[in-house]
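In what follows, a structure is listed as C-alpha cells, so that the remarks can point back to it.
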Amino acid sequence: MVIGRVVRFDSVKGYGFIAPDHGGEDVFLHVNDLRIPEASLRPGLMVEFEIEQGDRGLKASSVQLAAGNGSGAASVTASVFPGRSESPSRHPVDGDDVLCDVLNSEEYVRDVTEVLLESAPGLTAAHILQVRQGMLQFAKNHGWVEG
Numbered sequence: 032m033v034i035g036r037v038v039r040f041d042s043v044k045g046y047g048f049i050a051p052d053h054g055g056e057d058v059f060l061h062v063n064d065l066r067i068p069e070a071s072l073r074p075g076l077m078v079e080f081e082i083e084q085g086d087r088g089l090k091a092s093s094v095q096l097a098a099g100n101g102s103g104a105a106s107v108t109a110s111v112f113p114g115r116s117e118s119p120s121r122h123p124v125d126g127d128d129v130l131c132d133v134l135n136s137e138e139y140v141r142d143v144t145e146v147l148l149e150s151a152p153g154l155t156a157a158h159i160l161q162v163r164q165g166m167l168q169f170a171k172n173h174g175w176v177e178g
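Going by the working numbering, the letters in the sequence shown line up with residues 32 to 178, in that order.
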C-alpha cells in the first residue's frame, strides 16, 4: 500500500488525483476505487491505496483512509500545496491597468492537466505529461507563471 494525499476530487465527474508521499506524478483516482465514503474526500486528506497501471497511466485502487488524518485543514493545505497563495497574485500587463492572475508552476500544471482531461479525454498519461511540460516551459518563457 502507498500513502498519499488527495490533491483534488470532482464528485460530479467522479474522479480526481492523489499525490503519493514518495513523490512522482499524481495518481488518477476514480470513485469506483474508493473504500471510503465519497463525501469524505477533500484536498489534503491522507489516504492509503494501491497503484495499478490503467489505460491512461497510473491509477489508484482500494483507496482508504490512512492513519494520521487529524491535522487541521490549513496545515494540510499548506503541506499539500506549498507556495500556493489563497488569492492569486495580481500584476499589471504591459503597463495597462488590466490585472491578471499569475499562477505558480504547481498551480499552472494542475490547471493545465484539468483542461487536458476535460477537453481531450482520449489522451494518454504520457501525452498529458509531454503536453503540460511543453506548455509549462512556454509559460515560463513568457513570464506567465511564477517559479
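We put the beta carbon where it would ideally sit given N, CA and C, even for glycine.
Simplified DSSP state of residue i, which is helix, strand or coil
| i | result |
| --- | --- |
| Asp-141 | Per the sequence presented here, residue 141 reads as Arg, with Asp not at that position. Note: Arg-141 maps to helix in three-state DSSP. |
| Arg-163 | helix |
| Glu-149 | helix |
| Ser-93 | strand |
| Val-38 | strand |
| Glu-81 | strand |
| Glu-177 | strand |
| His-53 | coil |
| Val-62 | helix |
Beta-carbon separation (whole angstroms), residue i vs residue j, contact threshold 8 Å
| i | j | result |
| --- | --- | --- |
| Leu-76 | Arg-36 | 7 Å |
| Glu-79 | Ser-92 | The pair is not a contact, with the Cβ atoms about 11 Å apart (cut-off 8 Å). |
| Val-146 | Leu-167 | Not really, about 13 Å apart at Cβ, beyond 8 Å. |
| Leu-60 | Val-94 | 6 Å |
| Val-62 | Glu-69 | 6 Å |
| Asn-135 | Val-176 | 7 Å |
Burial state of residue i (16 or more Cβ within 10 Å)
| i | result |
| --- | --- |
| Val-43 | exposed |
| Ile-67 | exposed |
| Thr-144 | buried |
| Asp-86 | exposed |
| Gly-47 | buried |
| Ala-157 | exposed |
| Glu-138 | buried |
| Ala-151 | exposed |
| Phe-40 | buried |
| Ala-50 | buried |
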